[in-house]
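Chains as they are written, first to last, in my numbering: chain A, 1 to 293; chain B, 294 to 602; chain C, 603 to 1025.
All C-beta atoms in this analysis are idealised placements derived from N, C-alpha and C, irrespective of residue type, glycine included.
All values derive from a computational prediction rather than experimental measurement.
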């Protein structure tokens, strides 16, 4: 449904001019969309070709739009200066485990907030929502001190374990989705004598797979992108994740733009690949939130 | 299913048992969240309030100093600068982002060739890690050989030194932030698609023009989403950290122009190790967010149009 | 019979077990990539090869987690109890600040067991690492600053290397090249590379910490230095300079893309280690070095010296093993060889005998200056904040947004507040 395009039959007077306005409107929209997409996509192209430029070409003014020659060795050079595979491994461990934890905890908790009727449920859920408004800085320092007291600093644990304890946004998302499932299913199972947990695991979970995927992928992305968490909790460089590693690389190689962009490209490419295959879970995941209604 | 009216004692007892069973089940299911809430949210919440009344550098025990941290903050020039910087950023970036998102959503809502590709490409900046984004845009903003000034030069404009100029550095960061507007656009697109056609048809019969259709139908119908992205926009603008940290090397420069609230807080906590001072800053931030959220919720009642169902 | 057999095997097992446990692993954080960082790795490898009790594991952490964008990493490690065993930092100025928060281990008690004596080291270099009479760092390598100048550019302009500030300013102007309104080559920009507020304060005869220990950024030296930088801003334009600086390579540390190396500037203030980079990456560059020119009434031939410091964080698990490694690298032959490779001055007495590069012009001048009137970082627990405020104030003037007086005033205010509030 658009604002610019009427769908009722055009009034008798000026039918042709309305159709012309339609076409002009659509052409304009297309051109604007093209221009805007340039704003979104061109910097990425710029990142990749900067990675391929030689040191001399980088500082040419005005800048060139195609590298002459293409220095592919920049990629290898930038990776050889950092323990790249350590970073990848750490990022993967953090991302996969916290994503699994997020999907698991969000669904369990959301089930408790939707399919189980208990007194005070709505009030506590309101509390969950409120926590979304709390700035992380308020809890950042004592949380750091807690993890320090139990000896978890210097490991990935402070980053992974909280994902298993429920994230307000994911819980909200899951709850919206679970609520759309008819009560009859779970009621029937209960009458058959299933424990509530069986109902959850065997009946509900198979039905919410798309929402689980949305939560998993979103948390995977959050973990891969996370910078402050690793900055605070990881001490030994062999534990760094890619985001911290890239920043480390930057502070050691201030103005080596080709190498920096090469490193940034390698850092981002896995996400592009993931996104390419799973984009509908990101782009359409929003329909699960039911925010519009 | 109500057993309250004229229930025999046995049925009432059964009802109580069921209520208990449901309560314990409910709590069991939400246990992960509850544990996390108590240990990682509620306890730290009050703990940081305590620390804000102490002088604490972690390597020695906290020392109670009452309200001194708060008093010192009021006269701390850099603290006041950080507030100014954060307000400047929020007041410009958030409305700009919302207006842009609405505009883009309207454009992308049109049928046009390649629309799925446009939609996907619009979302791609959001999957680029913030560290890479900050470095990339730092390069684009390079005053001498960066892309932006080169394009401006082609138009005959001599661009400023962007991140190297105290008067332009925040503007550069605001532009950088708009690169990620795709997420909001997606939400608005979904909302736009839900606006019932009949409303527009009816308006047309009444002879409404484009602007009237937008203002009287579209905007009210998507106002819940606009409200949502405004609130989340303000809250995240108050907390802007990573990009400023990367482009200024953790300094908040040049000349403290990118010293945002979170960055100054981070410096006090983890560079100068004034944990008590930083906790006081965190609590003031919380109060500010609370007050602003309440104000917005109050005024939203008049502005946001919620649908029946 | 059975009992003693068991006892024997138990004793054997214990002996084997404990000898297997005997290898002590120590982690060393060092702040640079090659070539300086590579030398640290070389020393670690040598030490590991010559004995089997201690294994040194060098790890590159930019800025050693103390400065730059990895700031906070060192202190976070200390507070979490998972610290590296020893940290090599590229300066000694942070020692008072770190000692104040209790992040460092005093080293005096470990000297004799490792076979180290205070007299091993140059007295000034070692004293700079003491706080309250206790030693908190060991000097690794020392450096001082000088003025590099491009001989070809000077010859073409018919100039002689400057000896006074006035001559420096005049040469800078003559050697600056424009294309239209844009700078193409700068004669000299005071704040590039090692032209930092602390060295300039000393060159202009100022003192940042007075006798009572109070920090004063409005002292005459700092003020005059900043006013001098302001004169450059007025002459060449703040925006012009910022634009130019953003395109001439790495202006903060030595590297293959240093502006002097790329011949984008005719003169540059840098340490003698920079000669190593020039040799490696542009051996054909025809350059010379002279002492940094001083303003009228100043002491010529004076310079800023700085030593890299080995720091042992609080919570380090094997300080004895660390000191054994430090004793190795502080042997005159080893230290001399290291200094040779990275173009530094060894703080170890007798090490210069083992250096082969002393004939190089930069090394000759460096040693000459080292033995003369030198100044170094002021000793104050507020050093971290002092550096931040100085950098901000100097930046404000370089951007043309504040006058020198106002900029330093603002910095002083922040420092006074922090001191009053004990933070």
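Next on the checklist: By the three-class DSSP mapping on this structure, what secondary structure does residue 752/C have?
Outcome noted: Note: residue 752/C maps to strand in three-state DSSP.
Next on the checklist: Beta carbons nearer than 8 Å to chain F: which residues of the segment 1005 to 1022 of chain C have them?
Outcome noted: Of the chains in the structure shown, none is chain F; the protein chains are A, B and C.
Checklist entry - Any beta-carbon of chain B closer than 8 Å to the one on residue 19/A? => result No - not a single Cβ of chain B is within 8 Å of the one on residue 19/A.
Next on the checklist: Using a Cβ-Cβ cutoff of less than 7 Å, which residues in the same chain neighbour residue 817/C once the five nearest sequence positions on both sides are dropped?
Outcome noted: Here the set comprises 810, 811, 982, 984, 988, 1017.
Checklist entry - Tell me which same chain residues have a C-beta within less than 7 Å of the C-beta of residue 1002/C, skipping the five on either side of it? => result So the list reads 835, 840, once near-sequence residues are dropped.
Item to check | Cβ-based burial, residue 174/A [other Cβ within 10 Å; buried from 16] | outcome: So residue 174/A ends up on the buried side.
Checklist entry - Taking only beta-carbon atoms, is residue 220/A less than 8 Å away from chain B? => result Not an interface residue.
Item to check | Burial state of residue 280/A (16 or more Cβ within 10 Å) | outcome: Exposed, because fewer than 16 other Cβ atoms sit within 10 Å of the Cβ of residue 280/A.
Checklist entry - Alpha carbon to alpha carbon, what distance is there between residue 436/B and residue 93/A? => result For the pair residue 93/A and residue 436/B, the Cα-to-Cα distance works out to about 39 Å.
Item to check | Selection of the segment 335 to 352 of chain B by Cβ proximity to chain C, strictly under 8 Å | outcome: Taking 8 Å as the Cβ-Cβ cut-off against chain C, the residues of the segment 335 to 352 of chain B that qualify are 348, 350, 351, 352.
Checklist entry - When the cut-off is 8 Å and only beta carbons count, does residue 261/A lie next to chain B? => result Closer than 8 Å: yes.
Checklist entry - Where does residue 71/A fall in DSSP's three states? => result Coil, per DSSP.
Checklist entry - Between residue 987/C and chain B, is there a C-beta pair that is closer than 8 Å? => result Nearest CB-CB separation between residue 987/C and chain B: below the 8 Å threshold.
Next on the checklist: Using the Cβ count rule (16 or more neighbours within 10 Å means buried), how would you classify residue 926/C?
Outcome noted: By the neighbour-count criterion, in which 16 or more other beta carbons inside 10 Å mark a residue as buried, residue 926/C falls on the buried side.
Item to check | Anticipated Cβ contact below 8 Å, residue 689/C with residue 666/C, distance rounded | outcome: That pair is a contact at about 5 Å.
Item to check | Amino acids of chain A, ordered along the chain, whose beta-carbon sits closer than 8 Å to that of residue 443/B | outcome: Per Cβ cutoff of 8 Å: 61, 62, 63.
Item to check | Nonlocal neighbours in the same chain, by C-beta distance under 8 Å from residue 84/A, ignoring five residues either side | outcome: Counting only Cβ-Cβ distances below 8 Å, and skipping sequence neighbours, we find 245, 266.
Checklist entry - Buried or exposed: where does residue 624/C fall if 16 or more other Cβ atoms within 10 Å of its Cβ makes it buried? => result It is exposed - the Cβ of residue 624/C has fewer than 16 other Cβ atoms within 10 Å.
Next on the checklist: List, in chain order, every chain B residue whose beta-carbon is nearer than 9 Å to that of residue 306/A.
Outcome noted: With chain A represented from 1 up to 293, any question about residue 306/A goes unanswered, as that position is not in the structure.
Checklist entry - Shorter than 8 Å from the beta carbon of residue 371/B to some beta carbon of chain C? => result Chain C places a beta carbon closer than 8 Å to that of residue 371/B, counting this residue as a contact.
Checklist entry - Opposite residue 741/C in the DSSP bridges: which residues? => result In the DSSP assignment, residue 741/C forms a beta bridge with 911/C.
Next on the checklist: Taking the alpha carbon of residue 757/C as the reference point, which residue from 745/C, 776/C, 803/C has its own alpha carbon closest?
Outcome noted: Looking at the Cα atoms, 776/C is the closest of the given residues.
Checklist entry - Does the segment 177 to 191 of chain A come within contact of the segment 112 to 120 of chain A, defined as at least 3 CB pairs closer than 8 Å? => result The segment 112 to 120 of chain A and the segment 177 to 191 of chain A touch, with three or more beta-carbon pairs separated by less than 8 Å.
Checklist entry - In terms of DSSP beta bridges, what is residue 784/C paired with? => result Residue 784/C is bridged to 781/C.
Item to check | C-alpha distance - residue 771/C paired with residue 790/C, whole-angstrom precision | outcome: Their backbone Cα atoms lie some 8 Å apart in a straight line.
Checklist entry - Could one say the Cβ of residue 845/C lies closer than 8 Å to chain B's Cβ atoms, at least one of them? => result Yes, contact with chain B.
Next on the checklist: What would DSSP say about residue 296/A, mapped onto helix, strand or coil?
Outcome noted: Here chain A covers residues 1 to 293 and nothing more, so residue 296/A does not appear.
Item to check | residue 187/A burial status per 10 Å Cβ neighbour count (16 or more: buried) | outcome: Exposed: under 16 other Cβ atoms inside 10 Å.
Checklist entry - What are the start and end residues of each continuous alpha helix (DSSP H) run of 4 or more residues lying completely inside the segment 958 to 996 of chain C, in chain order? => result Here the runs fully enclosed are 963 to 972.
Checklist entry - Taking the C-alpha atoms as reference points, what is the distance between residue 655/C and residue 628/C? => result Distance between the alpha carbons of residue 655/C and residue 628/C: 11 Å.
Checklist entry - Nearest to residue 833/C by alpha carbon, out of 850/C, 800/C, 774/C? => result Here the closest residue by C-alpha is 774/C.
Next on the checklist: To test your reading of the DSSP string, which unbroken alpha helix (DSSP H) runs of 4 or more residues are found completely within the segment 102 to 189 of chain A?
Outcome noted: Counting only runs of 4 or more, we get 121 to 131, 136 to 149, 157 to 160, 168 to 179.
Item to check | Range of the contiguous beta strand (DSSP E) that encloses residue 891/C | outcome: Run containing residue 891/C: 889 to 892, per the beta strand (DSSP E) assignment.
Next on the checklist: Quick check on residue 661/C: does DSSP put it in helix, strand or coil?
Outcome noted: Residue 661/C sits in a strand when the DSSP states are folded into three classes.
Checklist entry - Hey, out of 252/A, 230/A, 241/A, whose CA is closest to residue 268/A's CA? => result Of all alpha-carbon atoms in 252/A, 230/A, 241/A, the one lying nearest the alpha-carbon of residue 268/A is that of 241/A.
Next on the checklist: Beta carbons nearer than 8 Å to chain C: which residues of the segment 404 to 437 of chain B have them?
Outcome noted: Residues 435, 436, 437.
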